[in-house]
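Undergrad: Sending over a structure as structure tokens; questions will come in a sec.
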Amino acid sequence: MGDQFAINLKLACSHYRSISEVCRQLSINRAQFNKYLSGQSRPTAYNLKRIGDFFGVEDYELGLPPEQFARLIGARNPEQRASQQDDPISELFKPLHKEAGNLSRYCGYYFEYSNCMSVPGSILVSLVHLWEERGSFLFERQERQERGIGNDQHAEVRCRYLGAAFQLQDRMFLIDYESLTLNEMSQTILIPSFKSRISRLNGLKTGVSSGDRRNPACTRVVWEYLGEEINRINAFRQIKLYRPDDPRIDDDIRDRLSAGMVSNGLFEIE
Numbered sequence: 244m245g246d247q248f249a250i251n252l253k254l255a256c257s258h259y260r261s262i263s264e265v266c267r268q269l270s271i272n273r274a275q276f277n278k279y280l281s282g283q284s285r286p287t288a289y290n291l292k293r294i295g296d297f298f299g300v301e302d303y304e305l306g307l308p309p310e311q312f313a314r315l316i317g318a319r320n321p322e323q324r325a326s327q328q329d330d331p332i333s334e335l336f337k338p339l340h341k342e343a344g345n346l347s348r349y350c351g352y353y354f355e356y357s358n359c360m361s362v363p364g365s366i367l368v369s370l371v372h373l374w375e376e377r378g379s380f381l382f383e384r385q386e387r388q389e390r391g392i393g394n395d396q397h398a399e400v401r402c403r404y405l406g407a408a409f410q411l412q413d414r415m416f417l418i419d420y421e422s423l424t425l426n427e428m429s430q431t432i433l434i435p436s437f438k439s440r441i442s443r444l445n446g447l448k449t450g451v452s453s454g455d456r457r458n459p460a461c462t463r464v465v466w467e468y469l470g471e472e473i474n475r476i477n478a479f480r481q482i483k484l485y486r487p488d489d490p491r492i493d494d495d496i497r498d499r500l501s502a503g504m505v506s507n508g509l510f511e512i513e
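If you want my numbering, it's the position in the sequence shown, counting the first as 1, plus 243.
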């Protein structure tokens, strides 16, 4: 397990500019962190929890087989990238890159607020990271839901969505897939902000409930901008289900998530 942890930790760190940056954000001594990377020692339970929260994974997942962990965090290898060049789906989306606008000003982290499709009556807070890579705009959305399973027991359901974003005719289109189970896709359409400072973006999200019936659903959605750099540990601990009357959900969010009118069979927002 020690070797697996070290390999997985190196892979997670490769998503950042340097090991020094990871150590700085985690407030962990570089020399001590190097021992984790080399497999010479394991973090304490406290530090293991902080490292997991920083990378958006559970502490036990850092000890998974490396192939499984790579899939968990959506890592891609050069062979996969090369094969995408002849992928018909990639070819299909090529014209969009020429017509799409520049989303650079929107890159960064967001809390996403939505009416939960799987637990009706709850508000789901997710963490989204939007970034630019080789001229394309990609994003990751992480969700955690705790659900009752009887006799006062609860099970945590985790989802990690990976997708691509395009700005077309003054709208942001985001399409993604669930990377852990590979059994669903969703689409989000956001109304961009024309203010000099981005705060909150309104939109709609369509997908399916993760319940047994897999019902298609649509909800209003709000993205709250957090910044280009954030405290990932604190942010990851806030992603979960909330009651609508929870004081941590402010009135503005509740108003934005309120259902709109259906006109001529269409559910629209302005």
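C-beta: ideal position from N, C-alpha, C; glycine also.
Remember, predicted model here, so these are calculated numbers, not experimental data.
If I measure Cβ to Cβ from Gln388 and keep anything under 6 Å in the same chain, skipping five residues before and after, which residues do I get?
TA: Locating residue 388 in the sequence shown gives position 145, where the first residue counts as 1. So the qualifying residues of the chain are Val400, Leu484.
Undergrad: Quick check on Ile332: buried or exposed, where buried means 16 or more other Cβ atoms within 10 Å of its Cβ?
TA: Within the sequence shown, the letter at position 89 stands for residue 332. Ile332 should be labelled exposed.
Undergrad: Compute the distance between the beta-carbons of Ala313 and Leu280, then report whether it is under 8 Å.
TA: Locating residue 313 in the sequence shown gives position 70, where the first residue counts as 1. Locating residue 280 in the sequence shown gives position 37, where the first residue counts as 1. Contact: no.
Undergrad: On the DSSP letters alone, give me the boundaries of the alpha helix (DSSP H) that Ala460 sits inside.
TA: Residue 460 sits at position 217 when you count from the first residue of the sequence shown. Per DSSP, Ala460 belongs to no alpha helix (DSSP H); it is in the beta strand (DSSP E), 459–470.
Undergrad: Whose C-beta lies closer than 8 Å to the C-beta of Ala407 among residues of the same chain, with five residues either side of it excluded?
TA: Position 164 of the sequence shown, counting from 1, holds the residue named residue 407. Cβ within range, chain order: Phe336, Ser379, Phe380, Leu381, Phe382, Leu417, Ile418, Asp419.
Undergrad: Report the residue from Asp246, Arg348, Met415 whose alpha carbon sits nearest the alpha carbon of Ile434.
TA: The residue labelled residue 434 in the question sits at position 191 within the sequence shown. When each option's Cα is compared against that of Ile434, the closest is Met415.
Undergrad: With DSSP as the reference, please indicate the residues paired to Val451 in a beta bridge.
TA: Looking up residue 451 in the sequence shown gives position 208. DSSP lists Pro459 as partners of Val451.
Undergrad: What does the Cβ neighbour count give for Tyr303, buried or exposed, with the cut at 16 atoms within 10 Å?
TA: Mapped onto the sequence shown, residue 303 falls at position 60. Tyr303 is exposed by the Cβ-count criterion.
Undergrad: Name the one or two DSSP bridge partners that Val362 has.
TA: On the sequence shown, residue 362 is found 119 positions in, with the first residue counted as 1. Note: Val362 sits in no beta bridge, so no partner.
Undergrad: What is the DSSP secondary structure of Ser333, reduced to helix, strand or coil?
TA: The residue labelled residue 333 in the question sits at position 90 within the sequence shown. Ser333: helix per DSSP, three-state reduction.
Undergrad: Leaving out five residues before and five after Gly503 in sequence, what residues of the same chain have Cβ atoms less than 8 Å from its Cβ?
TA: Mapped onto the sequence shown, residue 503 falls at position 260. Correct list, in chain order: Arg463, Phe510, Glu511, Ile512.
Undergrad: Given a threshold of 16 other Cβ atoms within 10 Å of its Cβ, counted over all protein chains shown, does Thr431 qualify as buried or as exposed?
TA: In the sequence shown, the residue the question calls residue 431 occupies position 188. With 16 or more Cβ atoms within 10 Å of its Cβ, Thr431 is classed as buried.
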